[in-house]
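This report concerns only the one structure given below.
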Amino acid sequence: MNKKDYPLPPLSGASDKFFGTEVRDPYRCLESLDDVQVKAWLQGQTQLTAAYFSNIARQNELVRRKLTSLWHYPKYSVLSKEGDYYFFWGLDLTHQAKIQNQAVLYRMNCLSDAPIPVLNPNLLDPSGNSAITYQSFSRDGRLVSYTFAQDGSDDQQIHIRHTLDLFDSKEVLVGCKTVNIAWNPDNSGFYYNRFIDSPSYTEPIVKAGLNCIYWHALGSNQSEDTLIFAPEASDSELAFYPETSYDGRYLVLYATYSTEPHNHIFYRKAESTGSFTNLTAGTKDQFVFIGSIEDTFYFQTTWNAPKGQIIAIDLAQPESQYWQVVIPEQADFLAFVTYSGGNLVAGFLHSAYHRLKVFTLEGIFREEVNLPSFATISGLTGKPDSAELFISVESFTNPPSVYSYDLGRKELILLIKPVLDFQPEHYETKQVFYPSKDGTMIPMFLTYKKGICLNKANPTLLTGYGGFGISQTPIFLISNALWLSQGGILAVANVRGGGELGLDWHEQGRLYKKQNSFGDLCAAAEWLIEENYTSPAKLALMGHSNGGLLVAGSIIQSPHLFGAVICRAPLTDMLRYHLLGAGRNWLAEYGCAMTSPQEFRTLYAYSPLHNIKKEDYPAVFVTVPIGDERVHPMHSLKFIANLQASSTGENPILLRIEREGGHGIGNASSRTFEELCDIYTFLFSLFEMI
78 MNKKDYPLPP
88 LSGASDKFFG
98 TEVRDPYRCL
108 ESLDDVQVKA
118 WLQGQTQLTA
128 AYFSNIARQN
138 ELVRRKLTSL
148 WHYPKYSVLS
158 KEGDYYFFWG
168 LDLTHQAKIQ
178 NQAVLYRMNC
188 LSDAPIPVLN
198 PNLLDPSGNS
208 AITYQSFSRD
218 GRLVSYTFAQ
228 DGSDDQQIHI
238 RHTLDLFDSK
248 EVLVGCKTVN
258 IAWNPDNSGF
268 YYNRFIDSPS
278 YTEPIVKAGL
288 NCIYWHALGS
298 NQSEDTLIFA
308 PEASDSELAF
318 YPETSYDGRY
328 LVLYATYSTE
338 PHNHIFYRKA
348 ESTGSFTNLT
358 AGTKDQFVFI
368 GSIEDTFYFQ
378 TTWNAPKGQI
388 IAIDLAQPES
398 QYWQVVIPEQ
408 ADFLAFVTYS
418 GGNLVAGFLH
428 SAYHRLKVFT
438 LEGIFREEVN
448 LPSFATISGL
458 TGKPDSAELF
468 ISVESFTNPP
478 SVYSYDLGRK
488 ELILLIKPVL
498 DFQPEHYETK
508 QVFYPSKDGT
518 MIPMFLTYKK
528 GICLNKANPT
538 LLTGYGGFGI
548 SQTPIFLISN
558 ALWLSQGGIL
568 AVANVRGGGE
578 LGLDWHEQGR
588 LYKKQNSFGD
598 LCAAAEWLIE
608 ENYTSPAKLA
618 LMGHSNGGLL
628 VAGSIIQSPH
638 LFGAVICRAP
648 LTDMLRYHLL
658 GAGRNWLAEY
668 GCAMTSPQEF
678 RTLYAYSPLH
688 NIKKEDYPAV
698 FVTVPIGDER
708 VHPMHSLKFI
718 ANLQASSTGE
728 NPILLRIERE
738 GGHGIGNASS
748 RTFEELCDIY
758 TFLFSLFEMI
């Protein structure tokens, strides 16, 4: 692509001084999305991208057909039993030709019944721009409180649906962002968190004040809600989330700060009006409330166990010296626990895929549930007083299937196995371990057609995330099925910063050690090339959000390793990320260039925007929702402007702007479909795969 084709952005003389170092910011104007010049530049970028795609219209039509064929199959979430009823979320269950934008909540009176739609966001907003982002059922299953978000926004409203009579109560609760709802066992109401003295729903909730816990009685106005807990003003950065013990005797609060890898647990008797007790005072560990037996609480925790363990705390002796280890730390990372049928059902991460084991409340091992290998448990539900467990399992080549497991009979039954236009038996997945820059062995999954020839000619898509302790386990994506069906190799690198190998794996890829994430991903590319799976010209990178930061940083540091890069809503300006969007919530993960000399030096050294040089960069396609409230669009805009100005080659560097939707929460399926069509048209045309 000719450099003269790129629209010229508005420039400024802005700069910032960080501990004696002046850093120019010539693209500062692109932070102002309503500026007339910025809007004109964005329009120019849109026209440029449209012109590029008009030249590959044939490939786009072929991709659209293939993706459509893969898209239309029934998709099911895990089942959950609430009262006497079974519920699940389903998408495209009616086999319509038109893409269904949002999943629908269904109810069944028994497992053999035809599902009945209970809550259909596609009817609430036919545009598909609004989504159900969270739900919580009353104990009897006759009511469900749910949050409704518009245009991918993080702002949420709470509604209450009658699941049998299929109507909403009149009350609507506002002032919520990331919400948790805890019903009272008698179905009379629920606890929830919202911002105190909240403004109207249309105003920015983050400016509303403290995140507090309220009690809402069914049938009342929100103005009558009872304030249960409010943090001190000095704790304004803390977020509090409520939960009730299954017997209703205790109200438990989670207290978290930003993305710090630890939290605290507060509790009090539910009927009490007294103060809450900090049960975990003096610790800096993760605690997840599993359940309780009378006055004994059970927790999943990293306390004295980086890979996790289960402990019991007797509230009569709550001091840490009396805490009892029920299931000690294992070789595998303890990912999640469900208290079901009087048993502790524990999911472990074994080298980045899941295994499911059952223990008694005394910690005695009972059995391992026999699940497919190299798989992810994407859903697990059960109740303390029921032996009926539901499990959703998926892999890179198999969409989520739903099983029931009887803890008494130890019987696993397949309930739902989706059928689609893809043959998983034609593909294989294996796990390899490769050395990173510092010698650390990094796990990576490879999926490809059976009988593949290792001749350096295979188009390969390398992905990773490496942040916030989030694990990249084997999951099914329609876009990956499309890539595989065209002969591509899928490579998923479990780079440091994720949680695949435990707490320490996260620590090795955050703050001052963030460079390890980039080194790990580049080492994955080198390994794939050295082992003859592919070549730089056939190797593509893709990442979203923090994964977008990962791939953006990797191509800036090692552009010669890659032929194409897809950055979806990435972070790229690591010196100013905390000033816009939700960036201030990520200080624990990345640090702050303005408050710490060491953190400035660390961020400046890898910040993709600030390390772009005159270089022949690979083809780059950046996609950004202009309404993203989480990762501000300025990251994408500044990055693309600088790359277009600095690239010395002729590879296309393009920006795709999504005018609707947000960071991904509840975005319409039709918009995701269109974005994926463009992404894979871009890749398939470059790599001559179609």
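In the numbering used here, each number is its position in the sequence shown, counted from 1, plus 77. Just so you know, even glycine gets a beta-carbon here, dropped at the ideal spot from N, CA and C. Quick caveat, the model's predicted, so the values are computed rather than measured.
C-beta atoms of residue i and residue j nearer than 7 Å
i	j	result
threonine 700	arginine 733	yes
tyrosine 430	proline 551	yes
phenylalanine 510	threonine 336	no
isoleucine 290	proline 319	yes
tyrosine 327	leucine 315	no
glutamine 114	proline 87	yes
isoleucine 730	serine 724	yes
tyrosine 323	glycine 368	yes
tryptophan 166	serine 215	no
alanine 641	proline 695	yes
glutamine 122	serine 762	no
leucine 648	valine 697	no
leucine 605	threonine 537	yes
aspartate 581	proline 405	no
tyrosine 681	glutamine 592	no
glycine 543	serine 594	yes
proline 710	glutamate 735	no
isoleucine 388	valine 402	yes
Selected residue, minimal CA-CA separation from residue i, among the options
i	options	result
aspartate 169	Asn199, Lys158 and Glu159	Asn199
leucine 561	Phe473, Asn719 and Glu584	Phe473
lysine 158	Tyr482, Thr255, Tyr150 and Tyr654	Tyr482
valine 422	Gln394, Pro461 and Gln401	Pro461
valine 140	Phe595, Leu616, Leu559 and Gly266	Leu559
isoleucine 209	Ile404, Tyr223 and Asn381	Tyr223
glutamate 502	Tyr525, Tyr480 and Leu484	Tyr525
glutamate 676	Gly668, Tyr683 and Ala682	Gly668
threonine 506	Ala568, Met766, Val195 and Leu110	Ala568
valine 256	His239, Phe244 and Gln234	Gln234
glutamine 377	Ile370, Tyr129 and Gln386	Gln386
Residue burial classification, residue i (beta-carbon count within 10 angstroms, cutoff 16)
i	result
proline 281	Caution is warranted here: a pLDDT of 38 is assigned to proline 281, below 50, making its placement in the model unreliable, and the coordinate value is therefore given only provisionally. It is exposed - the Cβ of proline 281 has fewer than 16 other Cβ atoms within 10 Å.
methionine 619	buried
valine 155	buried
phenylalanine 442	exposed
glutamine 398	exposed
tyrosine 589	exposed
glycine 296	exposed
valine 496	exposed
glutamate 99	exposed
serine 417	buried
asparagine 532	exposed
lysine 527	exposed
methionine 518	exposed
asparagine 79	exposed
alanine 534	exposed
histidine 236	buried
asparagine 298	exposed
cysteine 599	buried
cysteine 187	exposed
lysine 494	exposed
phenylalanine 451	buried
Cβ-based neighbour list, residue i, same chain, cut-off 7 Å, excluding 5 preceding and 5 following
i	result
isoleucine 633	Pro685, Asn688 and Ile689
glutamine 227	Asn206 and Ser207
phenylalanine 353	Phe306, Leu330, Phe343, Tyr344 and Arg345
alanine 629	Cys644, Pro647, Thr649, Pro685 and Phe716
leucine 491	Ser478 and Tyr480
threonine 437	Asn420 and Arg443
Distance between beta carbons of residue j and residue i, contact taken as under 8 Å
i	j	result
alanine 745	asparagine 178	4 Å
asparagine 447	leucine 489	6 Å
alanine 294	glycine 266	4 Å
8 Å CB neighbourhood of residue i in its chain, flanking five on each side removed
i	result
glutamate 577	Phe410, Leu426, Ser428, Ala429, Pro520, Ser548, Gln549, Thr550 and Asn571
leucine 457	Val155, Phe413, Thr415, Val422, Gly424, Leu433, Leu466, Phe467, Ile468 and Ser469
serine 89	Asp102, Pro103, Tyr104, Arg105 and Cys106
Residues near residue i by beta carbon distance below 6 Å, same chain, minus five either side
i	result
alanine 665	Ser335, Thr336 and Glu337
isoleucine 756	Ile643
valine 283	Residue confidence is low: valine 283 scores 37 on pLDDT, short of 50, so the model does not pin down where it sits. No coordinate-derived value is stated.
serine 556	Leu753
aspartate 217	Gly160 and Asn264
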